[in-house]
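In mature numbering (1 follows the signal peptide of the UniProt record, and there is no 0), the protein residues as written are -20 to -1, 1 to 95.
Beta carbons: idealized from backbone N, C-alpha and C, even for Gly.
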Amino acid sequence: MKILAKSLFCTVFLANIAFADDQVAQFNTQIQNQLKQLQAQQQQQTQQLNTQLQAQIQKVHNDLQQQIQTLNSQLQNQIKTVQSQLQTQIQTVNTQVQQLAGKQAQPVSVPAPQK
């Protein structure tokens, strides 16, 4: 009877161990599946954020390029205006120089001596 009781106890004990081992294996499988799912979600989120970041970088790049083109056009217009003003000033100075040179080349009338 004692042997039967011990045998029965050992059988129940081993069955419990086998059942627990099976549960641990199932739990481990569930954890691995959850980890895979989390990794997939994280990868998808990373790809979405990367796509958004690339779009933002492209927008900033385009905005900066537009600003540079606008400033370049404004600068070119200012340079043309200054060139035109300088050309007008040069022509004015040239005209004044020619007028002064013409006045100096004219004979000076000297009054005749009195008798």
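Through-space distance from residue j to residue i, alpha-carbon basis
{"i": "Lys16", "j": "Gln34", "result": "27 Å"}
{"i": "Asn8", "j": "Gln22", "result": "21 Å"}
{"i": "Asn52", "j": "Gln38", "result": "21 Å"}
{"i": "Lys(-15)", "j": "Ile(-4)", "result": "16 Å"}
{"i": "Ser64", "j": "Asn42", "result": "33 Å"}
{"i": "Thr(-10)", "j": "Asn13", "result": "33 Å"}
{"i": "Ile59", "j": "Gln84", "result": "37 Å"}
{"i": "Gln44", "j": "Gln76", "result": "The question names Gln, yet the displayed sequence has Leu at residue 44. Using only the alpha carbons, I get a separation of about 47 Å."}
{"i": "Asn30", "j": "Gln46", "result": "24 Å"}
{"i": "Gln3", "j": "Ala20", "result": "26 Å"}
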